[in-house]
Amino acid sequence: MTPISLLATMFPGLIPLLAVVSLWYAVPIVVSVSLVCAATRHEQLGPILHHALRFGIWIVVFMAVVMGVLTLMESLA
265 MTPISLLATM FPGLIPLLAV VSLWYAVPIV VSVSLVCAAT RHEQLGPILH HALRFGIWIV
325 VFMAVVMGVL TLMESLA
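Read in our numbering, the sequence shown has 300 at position 36, and its numbers run on one by one without any break.
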């Protein structure tokens, strides 16, 4: 029995909580990727922030769609 499965049997509510906590790691990654991508295309601060916001929203929506597809596939299995 692996340590994760042992924890899952002892504390059944722990695994979803760990999944929610690990989603917070995506926030600085999305912010930094969107800012770097925007800074490579623009020189002024205003257009950089505007492009970074649009690109960050695009990344979050894409991640949500992928998560929804994976959830659907899990429920069908």
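C-beta atoms are modelled at their ideal positions from N, C-alpha and C, and glycine is treated no differently.
- The segment 315–333 and the segment 296–303 touch, with no fewer than 3 CB-CB distances between them shorter than 8 Å.
- The residue among ILE323, GLU338, SER286 and THR273 with its C-alpha nearest the C-alpha of VAL295 is ILE323.
- Apart from the 5 residues on each side of it in sequence, PHE319 sits with its Cβ closer than 7 Å to the Cβ of SER298, CYS301 and ALA302 in its chain, given in chain order.
- For ALA290, the CB contacts under 8 Å within the same chain, skipping 5 residues up- and downstream, are MET327 in chain order.
- THR304 sits in coil when the DSSP states are folded into three classes, being neither helix nor strand.
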